[in-house]
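Below is one structure, written out as structure tokens; comments come after it.
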Amino acid sequence: MSTRTLKQIIRSVPASDGAGVQLRRSLGQTPHLRVDPFLMLDEFSSENPDDYVAGFPAHPHRGFETVTYMLDGHMLHEDHLGNRGHLKSGGAQWMTAGRGIIHSEMPQQESGRMRGFQLWINLPAKEKMKAAGYRDIQAEEIPQVTLPGGAVVKIIAGSLESEGRHVDGPIQGVTTAPLFLDVHLPAGAHFAQAVGVEHSVFVYPYEGSVRVGDSEIPRGDAGVLVSGDAVEIVATGEEARFILLAALPLREPVVQYGPFVMNSREEIEQALRDYSDGTFAAVA
Ligand code: MN
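For what it's worth, my numbering labels the leading residue of the sequence shown as 313, then goes sequentially.
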């Protein structure tokens, strides 16, 4: 067994997106700061409504998946196909944009705390133009397991493989075989997880900081790990909360233009034409 150590820290930077939502972007702030197949990770966390209330009015996506995981707050999702979903505290939305959706993501609160993540995961070339699809996962559909080592784990995608336990999360069967865990480590607790040796893996602490081997990963930074078939994480001092992400790399060319992520410049130009002449919505 080989336990993964730290390869690289991707520090998050303040960013603004949508109609002025304040967030922190780690993966995806520049094209080379990605972890194939992960394109982007945004953390939003504020108790000030000025930071989030304007939301994300109608905008398109093509060629990848967006995963929104809501820790606190309430957002309404609506798209041009008539799909509509409420994303509430503890819930997640797994959206396959495929060949195209035009949607809005709007806060349904004018005060209080809004906190969560949006992760972009690339699709393989052969799936980029498939029909759009959604999986809306309510908080109660996400299994939560307390392990003997003290970790409390929520399994959003893939399967917990830890301390002899195997627990499946609601998202299974995605080509990139993603693992998405939300882990709470009380002070002194540790967490170990088996991962595929081929998978890209990163850890993002959002409360407290964690240690992997001899390396500390501070709050708000993404720690990208080297290859190996196991991950071991401990809280440094106080308790910590982090998300652990893993997926199979695609090793394909990535050409991104804002919310379009394709394999070639020609495909991006096609997406822009489809969007501007209105057929983007019609074909989806
Ligand atoms: Mn969006």
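Where a beta carbon is used, it is the ideal one built from N, C-alpha and C, also for glycine.
Since the structure is predicted, the reported quantities are computational estimates derived from the model, not experimental observations.
Those residues which DSSP pairs with residue i across a bridge
i, result
"residue 584", "Paired residues: none, contrary to the question."
"residue 613", "Given that the chain is displayed from residue 313 to residue 596, the structure contains no residue 613 and the question cannot be resolved."
"residue 568", "573"
"residue 434", "376"
"residue 513", "558"
"residue 329", "333"
"residue 480", "471"
"residue 411", "Per DSSP, none; premise fails for residue 411."
"residue 381", "404, 429"
Residue environment, residue i, which counts as buried when at least 16 other CB atoms sit within 10 Å
i, result
"residue 396", "exposed"
"residue 360", "exposed"
"residue 337", "buried"
"residue 440", "buried"
"residue 443", "exposed"
"residue 579", "buried"
"residue 595", "Its pLDDT being 48, under 50, residue 595 is placed unreliably in this model, and the value from its coordinates should be taken loosely. Result: exposed."
"residue 344", "exposed"
"residue 423", "exposed"
"residue 591", "exposed"
"residue 474", "buried"
Supposed contact pair residue j and residue i - C-beta distance, whole angstroms, cut 8 Å
i, j, result
"residue 555", "residue 518", "7 Å"
"residue 349", "residue 552", "Between residue 552 and residue 349 the Cβ distance is about 26 Å, and since that is not below 8 Å, they are no contact."
"residue 514", "residue 537", "7 Å"
"residue 454", "residue 402", "7 Å"
Residue closest to residue i, alpha-carbon to alpha-carbon, out of the options
i, options, result
"residue 374", "447, 535, 574, 393", "574"
"residue 328", "377, 362, 343, 316", "362"
"residue 609", "512, 549, 404", "Residue 609 cannot be examined here, being either before or after the span of the chain that is shown, 313 to 596."
"residue 523", "546, 509, 501", "546"
"residue 499", "516, 528, 469, 462", "462"
"residue 380", "398, 561, 521, 314", "398"
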